[in-house]
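Let me begin by presenting the structure, written as structure tokens, before commenting on it.
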Amino acid sequence: MNYSLNPDREDLTLLQATIEKFCENEIAPHYEVWEENGIFPRDLWNKLGAAGLLCIDIPEKYGGHEADAEMALTIPCGITYANFGSVAVGLSVHSDIVAHYILNKGTEDQKLHFLPKMVTGELVGAIAMTEPGAGSDLQGIQTRAKKNKDGWVISGAKTFITNGQHADFVITAAKTNPDVKGSSGVSLFLVNTSVDGFSRGRNLEKLGLHSSDTSELFFDEVLVPHSAVLGEVDQGFITLMTELPRERLALALNAVAAMDFMMGITKEYVSERKAFGQQIAEFQNTRFKMAKLQTQLRLNRALMKECLELFAEGKLDAATASMAKFSASEAQCHMADECLQLFGGYGYMKEYPISRAYADARIQKIYGGTSEIMLELVARDLFS
Ligand SMILES: Cc1cc2nc3c(=O)[nH]c(=O)nc-3n(C[C@H](O)[C@H](O)[C@H](O)COP(=O)(O)OP(=O)(O)OC[C@H]3O[C@@H](n4cnc5c(N)ncnc54)[C@H](O)[C@@H]3O)c2cc1C
């Protein structure tokens, strides 16, 4: 079983070997303790950077390796395939989302300041859209930024922010023009987390992804300079919309890598475990279930391959990316449930990796846009 969508690409195979080695040496020996602690250590970011596993598709000019998107997206997938979902999600936010907002919308100064340090892990990035009162409905955000002669003063609160505890800076969405309704009037700011008025709330306790730090963030009249605006003032939603296909593709690919992992361990388990004098794998129920799951996996792999090709050509539209995210995350959660069932009581035990894969899967249908919002976007396109 291999999670790569292009097993013939030699560079991807080599990268997979690097990821596997990194996971074995730097993550596996400590992961359970990190999960208990609810956070992995800050220096893992520097180790990821030193191993060349951060932001690899950033141009060399900004410290990156100029790899293609498929190579870059392989990294969180490889970490998920090793069942270290907490590291994969943090890395994906940093490398696949935050770095690309800066690359695509940042000024030359912003790119030169942030990107090389993101590649090494010296700076960790987060993105803060969600608020206690606004998740799916981002148009309802209450965080405000008011302009004065020195810059912008940001006030408000965010929640559920991945990398929130470790982040050195946070791309923060705030209303800059509260008079306009709808999607206009929101801007994005690069907020340094060491400035006065910024504070982190709790590292939130979650159902799964225990060692991924997820936080509340507070902005109490945080003054940022004019140069902290990312992209154009009042056009934050447009930036968000342009970056969403990549974000959703990353989540979908991750789901497929998790499915590959679950199929592998479940196939092995049902082939060994016996009941009523025969292997679990010999019951027709098991065989049919596994056959259906394998079909689902294959279908999703085919869709992801198409999406990767479209993305490489700059043609992955919002509706197709939403289909991919919806399809793969729903299939991942279904598979997690079916596979855990085939492990019986052992599947519910923490020491069996399927239990972690099950708990980590559930969020996939929620973050990066819920399944319902994905369907809404697909339907809008269908009826437009
Ligand atoms: C572990 C984790 C990490 C996260 N990381 C980040 C991060 O790094 N940055 C960030 O900004 N956010 C992050 N989020 C937030 C995440 O993106 C939101 O939780 C998600 O968008 C849903 O918003 P909500 O929780 O407010 O749910 P709500 O929007 O309140 O939705 C509740 C329910 O109503 C449904 N619903 C809402 N609107 C509609 C509609 N129009 N039609 C049909 N159904 C609808 C939803 O689908 C859902 O089932 C994270 C969340 C978690 C749990």
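In terms of this note's numbering, the sequence shown opens at residue 278 and continues consecutively. Positions of the beta carbon are idealized from the N, C-alpha and C atoms, including for glycine.
- Of the candidates 581, 500, 394, 587, 394 places its Cα closest to the Cα of residue 325.
- The residues 430, 431, 432, 468, 472, 473, 474, 475, in chain order, have a CB closer than 8 Å to that of residue 499 in the same chain once the five nearest residues on each side in sequence are set aside.
- With respect to the 7 Å criterion, residue 323 and residue 370 are not classified as neighbours on the basis of their beta carbons.
- Within 6 Å of the C-beta of residue 644 there is at least one heavy atom belonging to ligand 1.
- When beta bridges are read from the DSSP output, residue 466 appears opposite 449, 506.
- Within 10 angstroms of the beta-carbon of residue 516 lie 16 or more other beta-carbons, which makes it buried.
- Membership of residue 404 in the beta strand (DSSP E) is indicated by the continuous run 402-405.
- Positions of the alpha helix (DSSP H) runs, each at least 4 residues long and wholly inside the stretch 603-660, are given as 630-638, 648-660 in order along the chain.
- Taken in chain order, the complete alpha helix (DSSP H) segments of 4 residues or longer contained in the stretch 311-337 are 320-327.
- Taken from the Cβ of residue 413, at least one heavy atom of ligand 1 lies inside 6 Å.
- In this structure, residue 660 has its CB at a distance of at least 6 Å from all heavy atoms of ligand 1.
- Of the other Cβ atoms in all chains shown, 16 or more fall within 10 Å of the Cβ of residue 599; this residue is therefore buried.
- Here the alpha carbons of residue 466 and residue 506 stand approximately 5 Å from one another.
- Counted as a single uninterrupted DSSP element, the stretch harbouring residue 286 is not any beta strand (DSSP E), since DSSP gives it neither H nor E.
- In this model, residue 342 and residue 335 are separated by some 6 Å (Cα to Cα).
- With a minimum length of 3 residues, there is no unbroken run of beta strand (DSSP E) contained wholly in the stretch 525-587.
- The C-alpha of residue 579 lies about 17 Å from the C-alpha of residue 568.
- Where residue 438 is concerned, there is no enclosing alpha helix (DSSP H), although the beta strand (DSSP E) around it starts and stops at 428-439.
- Remark: the C-beta of residue 493 is outside contact range of ligand 1, defined as less than 6 Å to any heavy atom.
- If you check the C-beta of residue 600 against ligand 1, you find no heavy atom less than 6 Å away.
- Taking the C-beta atoms as reference points, residue 392 is found no nearer than 7 Å to residue 351.
- The alpha carbon of residue 316 has as its nearest neighbour, out of 485, 590, 654, 377, the alpha carbon of 485.
- Going by beta carbons, residue 490 and residue 555 fall outside the 7 Å limit.
- Within a 10 Å sphere around the beta-carbon of residue 364 sit 16 or more other beta-carbons, which makes this residue buried.
- Residue state for residue 493 is assigned as strand, using DSSP reduced to three classes.
- Nearest to residue 449 by alpha-carbon distance, out of 544, 526, 496, is 496.
- Scanning its chain for C-beta atoms nearer than 6 Å, with the 5 sequence neighbours on each side dropped, one finds around residue 641 the residues 532, 606, 609, in chain order.
- For residue 499, DSSP records a beta bridge to 431.
- Within the same chain, and ignoring the five residues on either side of residue 510 in sequence, the residues whose Cβ sits closer than 7 Å to its Cβ are 453, 464.
- Residue 516 has its CB no nearer than 6 Å to any heavy atom of ligand 1.
- A distance criterion of 6 Å places the beta-carbon of residue 649 in contact range of ligand 1, judged by its closest non-hydrogen atom.
- The alpha-carbon of residue 562 is positioned some 12 Å away from that of residue 547.
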